[in-house]
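> Here it is, the structure, as structure tokens.
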Amino acid sequence: MKGPQGINNAQNTCTKFRMPTSENLIPIRLDIEIDGLRLKDAFTWNVNDPDSEIHVFARRTIKDLKYPGNFITPVVQSIQGKQDSSGLKARPRVNNWLTKRESMPQSGI
4 MKGPQGINNA QNTCTKFRMP TSENLIPIRL DIEIDGLRLK DAFTWNVNDP
54 DSEIHVFARR TIKDLKYPGN FITPVVQSIQ GKQDSSGLKA RPRVNNWLTK
104 RESMPQSGI
């Protein structure tokens, strides 16, 4: 049975979703052309959404649109560039699996 201290530690390591506001939303406009194929889109990016990683988003979007994989890198660079120039920084994400694995005692493997 975990004591109250274990519960508090679990709450402190979880990343909570923040409601989208002007303080954490970045307008993104994509206009990318490669080999005669053009991707043009506009959306807002929530820098603090714990489930949104730029590369995962780009890969999924390009796959869903059935565009070639060479669009992924320009999409990632565009979103990352807008995020960097906006001055908004994502809060660090906690990877619980790595944290747990690193804290496990190492066997003599």
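Sequential numbering from 4 applies to the sequence shown in this note's numbering. All C-beta atoms, glycine included, are put in the ideal place defined by N, C-alpha and C.
#1: Return the chain-ordered list of same chain residues with a C-beta closer than 6 Å to the C-beta of Ala-61, the five sequence neighbours on each side being excluded.
#2: To the nearest angstrom, how far is it from the Cα of Glu-36 to the Cα of Pro-71?
#3: Shortest alpha-carbon distance to Ser-55 belongs to which of Ser-88, Leu-28 and Leu-40?
#4: Just mark Val-50 as buried or exposed, buried being the case when its beta carbon has 16 or more other beta carbons within 10 Å.
#5: Can you tell which of Gly-39, Gly-84 and Lys-43 has its C-alpha closest to the C-alpha of Ile-57?
Checking against the coordinates, here is how it stands:
#1: Within the same chain, Ile-75, Val-78 and Val-79 come within 6 Å of Ala-61 by CB-CB distance, once the 5 residues on both sides are set aside.
#2: 12 Å
#3: Nearest C-alpha to Ser-55: Leu-28.
#4: buried
#5: Gly-84
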